[in-house]
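Enquirer: First, the structure itself, so that you have it in front of you.
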């Protein structure tokens, strides 16, 4: 049974020691597959979807909001995808997660939490109906097959995105591009008129083709250059991320 982990909350002022370690939820090797953009159908009316976000003003509650009224408390959304939250519960272990702020998180989740806390944003976990392997090589093989076939996994979580002006999208780079669930996210949601900022964890590819791909998928959005963190440095990246956010005016 898939673990749909509740997004961990924290106070923006809390500063704890970070323990760096690698994560097996980020794959970045092999050749870049061909990718097409609209394979799931029409984008949804954002106002008709249920919200599953966590407001930064409630980040000590340990519960994930599912009320659309919560979106009005922030104009910034941090949407993230991590394989560590999309694997089978009985095989997801600490080996695939990072000890961050005293919690076990996938790399992308850890980065998303830093961004949300600093920017006083809401968090949204992009989760899929599909279970992903948690062992590194198996995940790499699965991601390559999924990308080569242009598959877009169906999303299991939803958010009312209409109340947000800025959307940070955080994810690992898989095979030199965005994971297929991120393509699904952009296929489902119309971000016209919003500012979209990609943030990636990677093993050498940086942002890869994220900016170009998002611009093609969301032609009416303002897509910024974004930020990237090497996988092995995620645990010690908080200050760097916060300095970058400060430079961006957040």
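In this note's numbering, the protein residues as written are 89 to 338. We put the CB at the ideal spot given by N, CA and C, even for glycine.
1) Considering only residues of the region 279-330, which uninterrupted beta strand (DSSP E) runs meet the minimum length of 3 residues and lie entirely inside it, listed in chain order?
2) Taking residue 283 as the reference, which of 294, 300, 256, 301 has the closest Cα?
3) Whose C-beta lies closer than 8 angstroms to the C-beta of residue 230 among residues of the same chain, with five residues either side of it excluded?
4) Inspect the beta-carbon positions of residue 268 and residue 240 and report whether they are closer than 7 angstroms.
5) Can you give me the C-alpha to C-alpha distance between residue 235 and residue 190, rounded to a whole angstrom?
6) Find the nearest neighbour of residue 290 within the set 187, 165, 194, judged by alpha-carbon distance.
7) How is residue 191 classed by DSSP in three states: helix, strand or coil?
8) Tell me, please, which residues DSSP counts as bridged to residue 220.
9) Quick check on residue 201: buried or exposed, where buried means 16 or more other Cβ atoms within 10 Å of its Cβ?
10) Measure the C-alpha to C-alpha separation of residue 306 and residue 274 and round it to an integer number of angstroms.
11) Just verifying my parser: in three-state terms, what is the DSSP assignment at residue 260?
12) Out of 215, 225, 214, 298, state which residue places its alpha-carbon closest to the alpha-carbon of residue 261.
13) List the endpoints of the continuous alpha helix (DSSP H) containing residue 270.
Expert: According to the structure data:
1) Fully enclosed beta strand (DSSP E) runs of 3 or longer: 283-290, 315-318.
2) Answer by Cα proximity: 256.
3) 220, 221.
4) It is a contact, given that the beta carbons lie within the stated cut-off.
5) Each residue's alpha carbon lies about 34 angstroms from the other.
6) Nearest option by C-alpha distance: 194.
7) Three-state DSSP puts residue 191 in a strand.
8) Beta-bridge pairing links residue 220 to no other residue.
9) With 16 or more Cβ atoms within 10 Å of its Cβ, residue 201 is classed as buried.
10) Between residue 306 and residue 274, the C-alpha separation is close to 7 angstroms.
11) If DSSP states are grouped into helix, strand and coil, residue 260 belongs with the strands.
12) The candidate whose alpha carbon is nearest that of residue 261 is 298.
13) For residue 270, the enclosing alpha helix (DSSP H) starts and ends at 268-276.
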